């Protein structure tokens, strides 16, 4: 069976097998992060990834067009 490619929970980039960080919250939710920058942005600063141009989620859910 081939290992799964994970996506970063903050920026949406693919995480190669054998790298990245898995964070398990108290409620059992599993979050995967590709870098310290993404982990700190989500867990410590509570940032919204839709507001950062360097994330794949930038602009999702915007009204109008």
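Numbering (the numbering used here), first residue to last: 58 to 122.
Built from N, CA and C at the ideal position, the CB exists for glycine as well.
Because the structure is a prediction, the values reported are computed rather than measured.
ask   = Hey, out of 60, 115, 104, whose CA is closest to residue 94's CA?
value = Looking only at 60, 115, 104, the smallest Cα-Cα distance to residue 94 is reached by 104.
key: Bounding residues of the alpha helix (DSSP H) (the contiguous stretch that carries residue 100)   = 93-100
query = Apart from the five residues just before and just after residue 116, which ones in its own chain have a Cβ nearer than 7 Å to its Cβ?
reply = Excluding residues up to 5 positions away in sequence, 107 lie with their Cβ nearer than 7 Å to the Cβ of residue 116 in the same chain.
request  = Compute the Euclidean distance between the alpha carbons of residue 87 and residue 59, then round it to the nearest angstrom.
outcome  = 20 Å
key: Endpoints, beta strand (DSSP E) assigned at residue 80   = 78-81
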